[in-house]
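Participant: Heads up, the sequence shown is in my numbering, so the first residue is 67 and it goes up one at a time.
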Amino acid sequence: MTKTMKLNTKLGWMISTAAISLGLALSAGAQTSDVAVSSATIDPASLGLLGSSYSAFNLRYTDIDGGSPTAMRGVGLQLNQAWRPGIDFQVNYDWGRATAGPIRVTYQDLNTGVTVFSKLDWGKPFVQALAGWEWRRGLPALGNSFAYNLGTGVELQLSPRFALTPSMSFVRATGVNRSEVDYALKGTYRVNRQWSVSAAAQYDSVYHKADAKVYTLGVNYHY
Numbered sequence: 067m068t069k070t071m072k073l074n075t076k077l078g079w080m081i082s083t084a085a086i087s088l089g090l091a092l093s094a095g096a097q098t099s100d101v102a103v104s105s106a107t108i109d110p111a112s113l114g115l116l117g118s119s120y121s122a123f124n125l126r127y128t129d130i131d132g133g134s135p136t137a138m139r140g141v142g143l144q145l146n147q148a149w150r151p152g153i154d155f156q157v158n159y160d161w162g163r164a165t166a167g168p169i170r171v172t173y174q175d176l177n178t179g180v181t182v183f184s185k186l187d188w189g190k191p192f193v194q195a196l197a198g199w200e201w202r203r204g205l206p207a208l209g210n211s212f213a214y215n216l217g218t219g220v221e222l223q224l225s226p227r228f229a230l231t232p233s234m235s236f237v238r239a240t241g242v243n244r245s246e247v248d249y250a251l252k253g254t255y256r257v258n259r260q261w262s263v264s265a266a267a268q269y270d271s272v273y274h275k276a277d278a279k280v281y282t283l284g285v286n287y288h289y
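(1) Where does the unbroken beta strand (DSSP E) through N146 begin, and where does it stop?
(2) Indicate the three-state DSSP secondary structure (helix, strand or coil) for V171 in the structure shown.
(3) Leaving out five residues before and five after A166 in sequence, what residues of the same chain have Cβ atoms less than 6 Å from its Cβ?
(4) Are there 16 or more other CB atoms within 10 angstroms of the CB of L283, so buried, or fewer, so exposed?
(5) If we ignore side chains and look at the alpha-carbon of each, how far apart do V272 and Y120 end up?
(6) Would you call the segment 194-205 and the segment 163-177 touching, i.e. three or more CB-CB distances under 8 Å?
(7) If you compare alpha carbons, which of R170, S233, F212 and K275 is closest to G204?
(8) Considering only their Cβ atoms, is the gap separating V280 from V263 smaller than 8 Å?
(9) What does the Cβ neighbour count give for D187, buried or exposed, with the cut at 16 atoms within 10 Å?
(10) Can you tell me the Cβ-Cβ gap for S184 and N146, rounded? I've got them flagged as a contact below 8 Å.
(11) Leaving out five residues on either side along the sequence, give the residues of the same chain with a beta carbon under 6 Å from the beta carbon of R163.
(12) Give me the Cβ distance between D131 and A266, rounded to the nearest whole Å; I'm assuming they're in contact under 8 Å.
(13) At the level of alpha carbons, what is the spacing between P232 and N215?
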C-alpha cells in the first residue's frame, strides 16, 4: 500500500470517528440542561480536563524515526478556558530544539481554537479545531507556515480522579506542504482541587517526511 493510500485510509478513519463523536455530542445536547449541575456542587477531583479552566506546563521529548537530528527536546504551555457549557477555548505554545553535530534545529508552534464536547455518563466525546503559525529554523527544507489541526477523541473518566483520553488529529502546514495524522493517548490524574498531572504518548504519521513519536509529562493548575 502506498504512502498516499495509507494517508487517505487514516483520514477516512478520522473523518468517520469525528462524525460519530459529533453525533454523540449533538444527540446528548438535549440532555445538557438535565445533567448540568452547579459547579459549587461538583467535586473538582472527579473532573477531567475538558470543561475545566486551567494552565498547563509540559516537558516534551520527540523521537524522530530515521531523521537527523534523531531527537528533539522542548517545553509546552497551554491555556484552556471553559468558555460555555460544552465549549472550551484554548491557546497552545510549543518550543523545541534538536542538535546533531553542526546542525541545530529550532521549532516554535502557536495556535488557538475551540473544543466542542458533550458530557455523558461514560465519558466526554469531543471534536477540536485549532489554527495558528509554526516557525522552523536550522535546515533548508524547514520554514515558517500557517498550520491547522482538526481532531476528535473521547475523555474517559475511569475513576473519580483519573481520566484517559485517546484521540486522533489531522495536521496540515500549508506553507511547507506537510500533512500528518497524529494518534495520541493521554492520562490525567487529579491530585486536588487546583492541581493535576498529565502524561501522554503520541505517534505522528507524517506524509513524505520522517514519522515521529512524542512523549510529554506535565502539570496543570486549575482555576
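Heads up, the beta-carbon is just placed ideally off N, CA and C, and yes, glycines get one too. Please read all numbers here as calculations on a predicted model, not as lab measurements.
Facilitator: Here's the rundown:
(1) A137 to R150
(2) strand
(3) S134 and P135
(4) exposed
(5) 30 Å
(6) yes
(7) R170
(8) no
(9) exposed
(10) S184 to N146, Cβ: 17 Å. No contact.
(11) T172
(12) Contact flag wrong, Cβ pair sits at about 18 Å.
(13) 16 Å
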